[in-house]
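Enquirer:
Protein chains in written order, with the working numbering: chain A, 108 to 254; chain B, 108 to 254; chain C, 267 to 343; chain D, 267 to 343.
1) Pull up the DSSP beta-bridge partners for residue 315 of chain C, would you.
2) Quick check: what's the CA-CA separation for residue 227 of chain B versus residue 304 of chain D?
3) Does the distance from the C-beta atom of residue 290 of chain D to that of residue 301 of chain D stay below 9 angstroms?
4) Quick one: grab the DSSP three-state call for residue 189 of chain B.
5) Does the separation of the CB atoms of residue 329 of chain C and residue 309 of chain C fall below 9 angstroms?
6) What do you reckon, are the CB atoms on residue 135 of chain A and residue 125 of chain B nearer than 9 angstroms?
7) Quick one: grab the DSSP three-state call for residue 164 of chain A.
8) Of the choices A:131, A:212, A:181, whose alpha-carbon is the least far from that of residue 192 of chain A?
9) Below 9 angstroms between beta carbons: does that hold for residue 336 of chain D and residue 322 of chain D?
10) Would you say residue 269 of chain D and residue 325 of chain D are within 9 angstroms of each other, going by their C-beta atoms?
11) Figure out for me which residue from D:287, D:277, D:312, D:313 has the closest Cα to the Cα of residue 332 of chain D.
12) What residue does the beta strand (DSSP E) around residue 270 of chain D start on, and which one ends it?
13) With a CB to CB cut of under 7 angstroms and the five nearest residues on each side skipped, what residues in its chain are close to residue 116 of chain B?
14) Decide if the stretch 220-238 of chain A is in contact with the stretch 180-188 of chain A; the criterion is three or more beta carbon pairs, one per stretch, under 8 angstroms apart.
15) Since residue 338 of chain D meets chain B, which of its residues come closer than 8 angstroms, beta carbon to beta carbon?
16) What first and last residue would you give for the beta strand (DSSP E) that runs through residue 309 of chain C?
17) Between residue 276 of chain D and chain B, is there a C-beta pair that is closer than 9 angstroms?
18) Give a yes or no on whether the C-beta atoms belonging to residue 218 of chain B and residue 343 of chain D are separated by under 9 angstroms.
19) Run through chain C and tell me which residues come within less than 7 angstroms of residue 166 of chain A, C-beta to C-beta.
20) For a test of the three-state rule: what should DSSP assign to residue 128 of chain B, helix, strand or coil?
21) Can you give me the C-alpha to C-alpha distance between residue 285 of chain C and residue 271 of chain C, rounded to a whole angstrom?
22) So with Cβ pairs under 9 angstroms, would you call residue 256 of chain A a contact of chain C?
23) Grab me the residues of residue 142 of chain A's own chain with a C-beta within less than 8 angstroms of its C-beta, minus the 5 sequence neighbours each way, in chain order.
24) What does residue 231 of chain B reach in chain D if we use C-beta pairs closer than 8 angstroms?
25) Of all the CB atoms in chain B, is at least one closer than 9 angstroms to the CB of residue 203 of chain A?
26) Could one say the Cβ of residue 332 of chain C lies closer than 9 angstroms to chain A's Cβ atoms, at least one of them?
27) Using alpha carbons as the reference points, say which of B:199, B:210, B:229, B:148 lies closest to residue 137 of chain A.
28) Can you give the Cα-Cα distance for residue 296 of chain D and residue 249 of chain B, rounded to whole angstroms?
29) For the alpha helix (DSSP H) holding residue 228 of chain A, just list the boundary residues, first then last.
30) Whole angstroms are fine: how far does the CA of residue 178 of chain B sit from the CA of residue 235 of chain B?
31) In this structure, does DSSP put residue 108 of chain B in helix, strand or coil?
32) For a cutoff of 9 angstroms on Cβ pairs, would you count residue 174 of chain B as touching chain D?
33) Am I right that residue 150 of chain B and residue 202 of chain B are in contact with their C-beta atoms under 8 angstroms? What's the rounded C-beta distance?
34) Which residue from C:280, C:319, C:314, C:327 puts its Cα closest to that of residue 292 of chain C?
35) On the three-state DSSP scale, how would you describe residue 244 of chain B?
36) Scan the stretch 280-310 of chain D and note each continuous beta strand (DSSP E) run of 3 residues or more that stays entirely inside, going in chain order.
Below you can see the structure in the form of structure tokens.
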């Protein structure tokens, strides 16, 4: 484990569009940046056996997840020439249409951000111990599994 | 040329973070979407022969550019399973730190948005007749050339 | 050895418990899983990974740590 | 034939003009470029593409259209 302070990437509930807009605004003083790339995960109204998903309730092994997010961040900065990177993930209830994951990478040049963003998102999906419980409109549920 | 109505992608001046936040908010009613990917081009304080860029003044062959943006949009929808796509490009003055290009793609699944976004941005860079005049702090200028 | 064992997601639903202390003489993760599968028979049919002190550990790993977690498939993002 | 000729970016700077009507007997784009290079000698050293009716056209293309544009390297985004 790295000695740098481990940030908490989790936010209670959905990530708002205003929060994302403000995160973008904060980067306008960093004038070495030429390209930003943003990934947003949004909760989909999946239909499973005729029943529609209405929300996902996220839980996580928070300590381990924050360590993994930290490791992913460090590895990404080593692999790619990035100016900055931000990751936010929801905990608790996120309704369909709302945003549960916000990954934001910035670099002087565009090639770097495309590669880095996809790398970070795939790493999060495979390494972060986060668990989504999909609620249906009839209040039954099932546990989500990433594709 | 396609028969669909050709949209105007150009906006006068910089693209604000509020505008981007609002564009994200508008997609929260589209609950078949699972993944958004956003590219933002930001004007960089490049240093060229010891002089710093302070702003870029964009001009375009607007009619042709809008046709090309339209063709890129149509080709992208054919190649990738996207729910929606939006492109905005600045005209006129954009200062360093401000945003001059906003490309937004959404799909049920993440793999599609990564591939589609990079495709769209590269197509814009190579096919849209848009011209950037880089102003330096001493009021001299040079014409930008895409890498 | 006393272990703190954490359960998450589907696994926490099966065990009806999010965290417990377990006193055990097992020396490997395989032995611990054997023990837990006897305590919670429905675990046997489930897919999960084990983390020891917040790192994924293989079944042969020696038990060293104070914190063990049973993690069903991840579904973040 | 009367052509509407548009100039952009660096090229518009050289011609000191954004658009003009040109009366010409040329039949190919190559001949038009020859004509324009005589009118604006500094064009010769510059890198540009030609669009005819808003489509990039090669130098061999027959002049058909009413709208020609001289386009320096693109630098959008």
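The beta-carbon is built from N, C-alpha and C at its ideal position, and this holds for glycine as well.
Expert: Based on what the coordinates show:
1) Per the DSSP secondary-structure output, residue 315 of chain C pairs in a beta bridge with C:337.
2) 39 angstroms
3) yes
4) coil
5) no
6) no
7) Residue 164 of chain A: strand per DSSP, three-state reduction.
8) A:212
9) no
10) Not in contact: residue 269 of chain D and residue 325 of chain D (Cβ atoms no closer than 9 angstroms).
11) D:287
12) Element bounds for residue 270 of chain D: 268-273.
13) 173, 176, 194, 195, 196
14) yes
15) Listed by position along chain B, the residues whose Cβ is nearer than 8 angstroms to that of residue 338 of chain D are 238, 250.
16) Counting along the chain, residue 309 of chain C falls outside any beta strand (DSSP E), and DSSP gives it neither H nor E.
17) Closer than 9 angstroms to some Cβ of chain B, the Cβ of residue 276 of chain D qualifies, so yes.
18) no
19) 274, 275
20) helix
21) Distance between the alpha carbons of residue 285 of chain C and residue 271 of chain C: 6 angstroms.
22) Given that chain A is displayed from residue 108 to residue 254, the structure contains no residue 256 of chain A and the question cannot be resolved.
23) 213, 214, 215, 216, 217, 219, 220
24) 342, 343
25) yes
26) no
27) Comparing alpha carbon positions, the residue from B:199, B:210, B:229, B:148 closest to residue 137 of chain A is B:148.
28) 28 angstroms
29) That run of the alpha helix (DSSP H) goes 217-234.
30) 10 angstroms
31) With a pLDDT of only 46 at residue 108 of chain B, under the threshold of 50, the placement of this residue in the model should not be trusted, and no figure is reported.
32) yes
33) Sure, about 7 angstroms apart at Cβ, within 8 angstroms.
34) C:327
35) Correct three-state label for residue 244 of chain B: coil.
36) 285-289
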